[in-house]
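Position in the sequence shown (from 1) plus 1451 gives the number in the working numbering.
Backbone N, C-alpha and C fix where the C-beta goes; we use that ideal spot for every residue, glycine too.
Keep in mind the model is a prediction, meaning the values are calculated, not measured.
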Amino acid sequence: MVWNEEGFLIPQVDEDACISCGVCVKKCPALQPAPARDDKPRHAVPTYGAWNRGLEVHRASSSGGVFTALAEWTISQGGCVFGVVWKDKETAIFTKAETMEEVLPMRGSKYIMADPQGAFRSVREELRKGRRVLFVGTPCQVNALRSFLVKSYENLLTVDIVCHGVPSRVLWQKYIQETELRAGRELSHVSFRDKDEHWLRYNLTAHFVDGYKYSEFYGENVFMRLFLSDVALNRCCYCCRYAGVPRQGDLTLGDFWGVQNYHPDWPLREGIGALLVNTPAGDAALKAVRSAVECREVPFSEVYAGQDLLHDKGKGRIHPNRSALMSSMAKLNLPELRDRYVGTVLIGPWAVSRTSLMGKLFLKACKLLQKLNRRAGGIL
Ligand SMILES: Cc1cc2nc3c(=O)[nH]c(=O)nc-3n(C[C@H](O)[C@H](O)[C@H](O)COP(=O)(O)OP(=O)(O)OC[C@H]3O[C@@H](n4cnc5c(N)ncnc54)[C@H](O)[C@@H]3O)c2cc1C
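Take a look at the structure:
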């Protein structure tokens, strides 16, 4: 896998090493038929609002802290955990944790594409030894792991996270450079989901090597605005084959957005996780961590209402400004990219507001063209 110029990992065949066995094509999840959609009524998915009973863990996690409870249980059973850590401030990678100390850096969402490196092979080795393995990743990564493993293992527990899509790593690198330049200090690491103020009004907090830290409301932060406005995601995220139900993991973890409308008395400040139980293995794992996790069953519709990425179509269409943004990433800084590409659509050389009549008509035309393209067999 190599990083392309847009900042996403893509497969590249090393022609010198290739023996033309065709396994890469046979196994590539993107080249397999799309996973079947559920014909069961959605309310059949057991759904919970969930949070870790340990306040410290709860506060340190992005959402409800259910991941840490699952990891703790796996380690206590002599198993190991595969999750995502920062390799350096620019790169997120999958690693294996054997102890809770090694699990701690996995906590917290890293809003960037994580490099699986050799993790899938390592998962297979551990499974073959008969050890319990917990693997947590995006739905496409869980699907890829299952495709790689070929057979199913009783000692494997997979968890997919509800995924917004991954933003460009080039954008992330630009954020680091520009933040360091502005602050005149070297960045050490970033917490994308700092809940010190409130889970619903979380901050992005940048920590610097000299101990200085700087927090910014996610809605004001330039990187988060570009990420959450969908203008700089990986191309395949716009038509994600793994959004919707059924899910790829035994369990699904996400944020319970909108929970304040149904359960205002729950600990909203620390954050409520949404938990879907997709398989009997997921159900057994949930029973095993019940003493560490507060779990309240809710109708699936409550979680579904706040999560576009649980809807079958996901985003459904590529952002009309994506190509323009990608081609100007080298020339413009992040605030310039935000001003130009978020909240506006580009019609030729003109940046027109998305909510103006012209903008609305243009977006409708784009949608129609993409629909026709999809019908003709194109991906987008
Ligand atoms: C790129 C991305 C997009 C997301 N989009 C949404 C969304 O739209 N809606 C929503 O409800 N939730 C989303 N989440 C999930 C959410 O932020 C929480 O991770 C999830 O609710 C679990 O919370 P927790 O408190 O139990 O776990 P935490 O303690 O926060 O643990 C996070 C887990 O996520 C894994 N992880 C972290 N970064 C990555 C990564 N880059 N790739 C793969 N795995 C990673 C870690 O290994 C760990 O297992 C997203 C997460 C990521 C990484």
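Report task. Would you decide whether H1509 is buried or exposed? Buried here means 16 or more other CB atoms lie within 10 Å of its CB. Result -> buried
Query raised in the report: How is the beta strand (DSSP E) around N1503 delimited, first residue to last?
Result: T1498 to N1503
Query - Helix, strand or coil at G1794 according to DSSP, with G and I counted as helix - result: coil
Report task. Take the Cβ of V1660 as the centre, count every other Cβ of all protein chains shown within 10 Å, and call the residue buried at 16 or more, exposed below. Result -> exposed
Report task. Answer yes or no: do T1872 and V1554 have a C-beta to C-beta separation smaller than 8 Å? Result -> Nothing in the structure corresponds to residue 1872, since the chain is present only between 1452 and 1831.
Query raised in the report: CB of S1617 to nearest heavy atom of ligand 1: below 7 Å?
Result: Position check: residue 1617 holds Val in this sequence, whereas Ser was assumed. V1617: yes, Cβ under 7 Å from ligand 1.
Query - Closer than 7 Å: V1517 CB and nearest ligand 1 heavy atom - result: yes
Requested in this report: Mind checking who C1531 pairs with in its DSSP beta bridge?
Outcome: V1584
Query raised in the report: Does any heavy atom of ligand 1 sit closer than 7 Å to the C-beta of C1614?
Result: yes
Query raised in the report: What number of angstroms, rounded off, separates the C-alpha of L1684 from the C-alpha of P1618?
Result: 4 Å
Query - Residues near L1506 by beta carbon distance below 8 Å, same chain, minus five either side - result: E1721
Query - Contact set for M1551: own chain, Cβ-Cβ below 8 Å, skip 5 residues either direction - result: A1522, E1523 and I1526
Query - Test item: CB-CB of R1582 and G1529 under 8 Å - result: yes
Query raised in the report: Taking the alpha-carbon positions, what's the T1589 to Q1463 distance?
Result: 21 Å
Query raised in the report: From M1452 to L1808, what distance separates their C-alpha atoms?
Result: 43 Å
Query - Where H1770 falls, given that 16 or more other Cβ within 10 Å makes a residue buried - result: buried
Query raised in the report: Smallest Cα separation from V1532: which of L1726, L1760 and L1585?
Result: L1585
Query raised in the report: Should E1457 be labelled buried (16 or more other beta-carbon atoms within 10 Å of its own) or exposed?
Result: buried
Report task. Measure the C-alpha to C-alpha separation of N1594 and W1537 and round it to an integer number of angstroms. Result -> 22 Å
Query raised in the report: So is P1567 buried or exposed if we call it buried at 16+ other beta carbons inside 10 Å?
Result: buried
**Report entry** Same chain only: Cβ atoms within 8 Å of A1543, ignoring 5 sequence neighbours per side
**Finding:** V1535, V1536, W1537, K1561, I1563, M1564, A1565 and D1566
**Report entry** Close Cβ partners of E1671 (< 8 Å) along its chain, the five nearest in sequence each way excluded
**Finding:** none
Requested in this report: Determine the contact status of V1728 and D1734, defining contact as a CB-CB distance below 8 Å.
Outcome: yes
**Report entry** Inter-residue Cα distance where the pair is E1541 and R1698
**Finding:** 29 Å
Query raised in the report: To which residues of the same chain is L1608 closer than 8 Å at the C-beta, ignoring the five residues directly before and after it?
Result: L1521, T1525, R1583, V1584, L1585, F1586, D1701, L1702, A1732, G1733 and A1736
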